[in-house]
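There are 2 protein chains.
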Amino acid sequence: MPATPSPSSRTRSWWGWGYADAHPDDAECSAMGALLPGTLARPLPIPRIADLSIASPGVTPPATLAHLVTDAPEARAAHAMGKAYRDVVRSLRGRPGRIPDLVAHPTSAQDVADLLDWAGEHRTAVIPFGGGSSVVGGVEYRGDAHRAVLSLDLTSMDRVLEIDTTSRSARIQAGALGPVLEEQLRPHGLTLRHFPQSFEFSTLGGWLATRAGGHYATGRTHIDDFVQSLHVVSPAAVGASWRLPASGAGPSPDRLFLGSEGTLGVITEAWMRLQERPRYKASASLAFTDFHRALEAVRAIAQSDLAPANCRLLDPGEALLSGASADGSAVLVLGFESALTRVDDNLACAVDLARAHGGRGSVPTADGGATADAAVSAWRSAFLRMPYLRDGLARMGAVVETFETAATWDRIPALIDAVRTQVGAAALKATGNPATINCRLTHVYPDGAAPYFTVAVAGAGGDELQVWDDIKAVATDVLGQFHATITHHHAVGRDHRPGYDRQRPEPFAVALRAAKHALDPHRILNPGVLID
Amino acid sequence: MPATPSPSSRTRSWWGWGYADAHPDDAECSAMGALLPGTLARPLPIPRIADLSIASPGVTPPATLAHLVTDAPEARAAHAMGKAYRDVVRSLRGRPGRIPDLVAHPTSAQDVADLLDWAGEHRTAVIPFGGGSSVVGGVEYRGDAHRAVLSLDLTSMDRVLEIDTTSRSARIQAGALGPVLEEQLRPHGLTLRHFPQSFEFSTLGGWLATRAGGHYATGRTHIDDFVQSLHVVSPAAVGASWRLPASGAGPSPDRLFLGSEGTLGVITEAWMRLQERPRYKASASLAFTDFHRALEAVRAIAQSDLAPANCRLLDPGEALLSGASADGSAVLVLGFESALTRVDDNLACAVDLARAHGGRGSVPTADGGATADAAVSAWRSAFLRMPYLRDGLARMGAVVETFETAATWDRIPALIDAVRTQVGAAALKATGNPATINCRLTHVYPDGAAPYFTVAVAGAGGDELQVWDDIKAVATDVLGQFHATITHHHAVGRDHRPGYDRQRPEPFAVALRAAKHALDPHRILNPGVLID
């Protein structure tokens, strides 16, 4: 997924996903709404910052920090929440989350340390903020235990500071958005090759703090595996791990901060492992009449040594929505990539495995270049477009929830069935309307897979948040029944706390709580996330 | 490296490596000593437990725990130390470490919890003990801050409790030695495929607690990557993580306990990822005149997608010692394995890369089975024999230190040169004798490698420990100069504390200390290891 050049030339939406000019217009929203029984007759209007009531800031920064901090209403509104469905609806319904008092744009680790010191002295909560694309309530403030709220926007720290081509690695500031960092790596023939769906609108620091999952289906699926070292600024300590390809010296220091979601410290930069840009590509898609046989096909491929870059199984609804199939088939999209050798043989091997489990093939497209077969292209465009469409549906009064998980293979078929049944029933009960529930496998492992669910249902007259809460509670409960993780790559934030509290093993809870208290003695860092 | 059957039928050495009947005899010791100028004329005698002065235990277990605990001198002596060179010499010189008061053999997690409760009430230090093969002082007690010392031997908990063939995973008790667990997996056609040099004499729990490195050179080199979930018993909390193929829910709970070396809790069982047994194998070895060009060859292979199972570069001294070459060449041993497909093409590709950097090839041996070419076999036998030879050299008054590290490629050549120069000078200064310093690369990564050094020098009249300390201090300092890890897979224990204290980043130190205090409020768990 190549970077989009010059993201700065387009305007980001303050209330919805991505770029303002990419939002579906009223006609498109109405057309989507028509597909979902019970939605509104016409879209809710796009909200305006001018309609928000924004209070004066509760604190004033000292003169030494004033140049880093703004209280402009536009900046504050755009930092009030992430981009979850809940966040979009709250904006549409004129009930946004608490708007931060101030937004800071530090330009160095020292700036971050100074801001944390000042915030600690003034009981000011600090919400680290990268691209602001959290879909789990990870970048907002809830409650009133603090005197003020500071949104700490890292995006002014967006430089690749150093490149080591011998070891294929780079030292990168945490605030670099995906396209911004890839643009700086490209002249060296290298890439981080981490492409989450939010790629354009999320930062390296955000990926690290949330253990983001990339686009690739197997192997090193999460950003975690690309980390050589982290530089962390906590209220109680500052420091970097040594830059190492591997180590067995005590528990991994980096792994405690990966996924810490801004609660233990602020990641200001990282040495990251890079890769050569792939030169050889080959892809194919196969249709399956029987979804459960398709699951067996994917398991066979995941347990082979083939390591496809892409191995997405779309259930019939998902395949229909993305244009990959129109006849009620499930579709498996396979892709292989390599910088070194042709990958046609691997693709052929994977296609054989899929056929042995009932897959009917489009002929594989071996290309050695950038083209891919039609289903793959259709899927890719739809993938990037999805969050925009979600916002369009929200404007039509629909309730949309996407959630993802992971479990071992023995539980996958029953888990997917249980989600359909129980979440479907909850949505119907809450709204009186039938829900659409689609599923795809985004990442696969020898021992399990990561299913991703999309639930869409017409709300019932302005109570979308209540409906969402009902659906989310049942979804969380189903995952808990199967001991399936509350999140494979969307993070915990505030929205996943009930599930995470159930999942987190007690010895780790004790350790994390103690670490939090020691590193953040004034309890200012992203309060409410992960642990109290 | 296939398991040796029925380890129980042979007697373990209480003072030296492995099986008592595998130790070199006096003649072999003398022959080895003759190769190292300045060693003793005849070997030191094998030490006897009867010559130790073993005090009465300082505590008595309650009746409810008595059946789990022994104070037999043989058991206590065999649990006094690990199997580092330092430990062997202390036994040979009649100055062993503190002998534990008691040895416990729990049979369940509840037993472990009960023993920890009792120890906490009686200021008794608890030293978790698996196979006892620590080479870093990880399983002994130093100091006198506790009333008594209990060695907690987990080897009675050695069962594979559950196997999920669909997800290829197993729930295994922590006390299972390598051969013991592989024997239970074999009927299912599955393997953990984790083969450290200590395979026969170390346990799953020991591997997990120390982040052990296996035999395979690339990819999932450490045990960490095979963990689905851990069950941990800490004084303050007990619990297991959910069994997951991957997760993004907060920091990895397992990664905090992996490498915690018994300081945060006792790992009592784990769900582990398994693999099919490989069916296809191919191997080759190549000779290099220029070691630095050989390093470039290895880097090229490590940065390819080829993922060899074995990619060991032996410097000329190491190649000579293991019989892989006798003409002063460095030797690269390459091996590929797969359960699914032939690997000859991958081997050919790797050999081509090696030749492009000056490698002169033995013809690759593609075998699809168990045989391998002569250099590979020679290397493998020598590999398992090495620790026994070390003990034989110790009996000749030689000082032997093996240490390993990892660093990014940009630092590897200078690091290896600096170790040779500085450690060689230190050994000469301490003994007046010239040292032999050999190096091999054991594991390789796209961004770096793990060099393993063996230093051997004749001691100077009974002060082997002082000489060892001098050499170790310089070795630690050289690694620190290059920010190379104090250990890639041998753990920290007590011997690596100075290096680890320097390496550990301050935010993680704060967190680890807090976690330790919270999980182990009476400070009984493996005191002195990792952090105070």
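In the order they appear, the protein sequences are chains G and Z. Residue 471 in the working numbering is what sits at position 471 of the first sequence, and the numbering runs on without skipping anything. When you read off a place in the second sequence, starting at 1, and then add 532, the result is the number in the working numbering. Beta carbons: idealized from backbone N, C-alpha and C, even for Gly.
For the alpha helix (DSSP H) that residue i lies in, which residues bound it at each end?
i, result
"residue 592 of chain G", "Beyond the ends of chain G as shown, which are 1 and 532, falls residue 592 of chain G; an answer cannot be given."
"residue 958 of chain Z", "956 to 963"
"residue 1003 of chain Z", "996 to 1013"
"residue 253 of chain G", "253 to 257"
"residue 980 of chain Z", "Per DSSP, residue 980 of chain Z belongs to no alpha helix (DSSP H); it is in the beta strand (DSSP E), 980 to 990."
"residue 28 of chain G", "26 to 34"
"residue 497 of chain G", "497 to 503"
"residue 344 of chain G", "344 to 356"
"residue 716 of chain Z", "710 to 717"
"residue 572 of chain Z", "Residue 572 of chain Z -> no alpha helix (DSSP H), and no H or E assigned at all."
Report yes or no: is there a C-beta of chain Z within less than 9 Å of the C-beta of residue i?
i, result
"residue 506 of chain G", "yes"
"residue 190 of chain G", "no"
"residue 198 of chain G", "no"
"residue 580 of chain G", "Chain G is shown from 1 up to 532; residue 580 of chain G falls before or after that span and cannot be answered."
"residue 206 of chain G", "no"
"residue 17 of chain G", "no"
"residue 527 of chain G", "no"
Chain G beta carbons: is any one of them nearer than 9 Å to that of residue i?
i, result
"residue 793 of chain Z", "yes"
"residue 780 of chain Z", "yes"
"residue 884 of chain Z", "no"
"residue 898 of chain Z", "Any reading at residue 898 of chain Z needs caution, since the residue's pLDDT is 45, under 50, leaving its predicted position unreliable; the model's value is listed next. Not an interface residue."
"residue 642 of chain Z", "no"
"residue 1013 of chain Z", "no"
"residue 705 of chain Z", "no"
"residue 845 of chain Z", "no"
"residue 768 of chain Z", "yes"
"residue 1020 of chain Z", "yes"
"residue 1152 of chain Z", "Nothing about residue 1152 of chain Z can be reported from this structure: the residues present for chain Z run from 533 to 1064 only."
"residue 1049 of chain Z", "yes"
"residue 638 of chain Z", "no"
"residue 939 of chain Z", "yes"
"residue 815 of chain Z", "no"
Taking the beta strand (DSSP E) that residue i falls in, what are its first and last residues?
i, result
"residue 310 of chain G", "310 to 314"
"residue 761 of chain Z", "759 to 765"
"residue 975 of chain Z", "968 to 977"
"residue 1089 of chain Z", "Here chain Z comprises residues numbered 533 to 1064, so residue 1089 of chain Z is not present and cannot be evaluated."
"residue 163 of chain G", "160 to 164"
"residue 703 of chain Z", "701 to 705"
"residue 592 of chain Z", "Taken as a continuous stretch (DSSP letters only), residue 592 of chain Z belongs to no beta strand (DSSP E), as it is neither H nor E."
Helix, strand or coil for residue i per DSSP?
i, result
"residue 1058 of chain Z", "coil"
"residue 118 of chain G", "helix"
"residue 271 of chain G", "strand"
"residue 195 of chain G", "coil"
"residue 1052 of chain Z", "coil"
"residue 215 of chain G", "coil"
"residue 578 of chain Z", "coil"
"residue 111 of chain G", "helix"
Quick test of your reading: residue i and residue j, contact by CB under 8 Å. State the CB separation rounded to the nearest angstrom.
i, j, result
"residue 483 of chain G", "residue 443 of chain G", "The Cβ separation is near 18 Å, so there is no contact."
"residue 495 of chain G", "residue 86 of chain G", "7 Å"
"residue 148 of chain G", "residue 59 of chain G", "4 Å"
"residue 124 of chain G", "residue 524 of chain G", "6 Å"
Check whether the stretch 348 to 355 of chain G touches the stretch 410 to 417 of chain G, taking contact to mean three or more Cβ pairs, one atom from each stretch, closer than 8 Å.
-> No: the two stretches stay apart, fewer than three of their Cβ pairs being nearer than 8 Å.
Does the stretch 764 to 782 of chain Z come close enough to the stretch 489 to 503 of chain G to have 3 or more Cβ pairs within less than 8 Å?
-> Counting C-beta pairs with one atom in each stretch, the stretch 764 to 782 of chain Z and the stretch 489 to 503 of chain G have three or more that are closer than 8 Å, which means they touch.
Would you check if there are 3 or more beta carbon pairs closer than 8 Å linking the stretch 420 to 440 of chain G to the stretch 712 to 719 of chain Z?
-> no
Is the number of C-beta pairs between the stretch 869 to 881 of chain Z and the stretch 809 to 818 of chain Z that are closer than 8 Å three or more?
-> yes
Hey, is the stretch 433 to 453 of chain G in contact with the stretch 28 to 42 of chain G, meaning 3+ C-beta pairs nearer than 8 Å?
-> A contact exists between the stretch 433 to 453 of chain G and the stretch 28 to 42 of chain G.
Report yes or no: do the stretch 930 to 940 of chain Z and the stretch 969 to 984 of chain Z share at least 3 C-beta pairs separated by less than 8 Å?
-> yes
Any chance the stretch 290 to 307 of chain G sits against the stretch 254 to 274 of chain G, with 3 or more Cβ pairs inside 8 Å?
-> no
Can at least three beta-carbon pairs, one atom from the stretch 92 to 99 of chain G and one from the stretch 250 to 269 of chain G, be found at a separation below 8 Å?
-> no
Count the C-beta pairs between the stretch 69 to 82 of chain G and the stretch 125 to 144 of chain G that are closer than 8 Å, then say yes if the count reaches three, no if not.
-> With a cut-off of 8 Å, the stretch 125 to 144 of chain G and the stretch 69 to 82 of chain G count as touching, because enough Cβ pairs lie within range.
Between the stretch 815 to 831 of chain Z and the stretch 723 to 739 of chain Z, are three or more C-beta pairs nearer than 8 Å?
-> no
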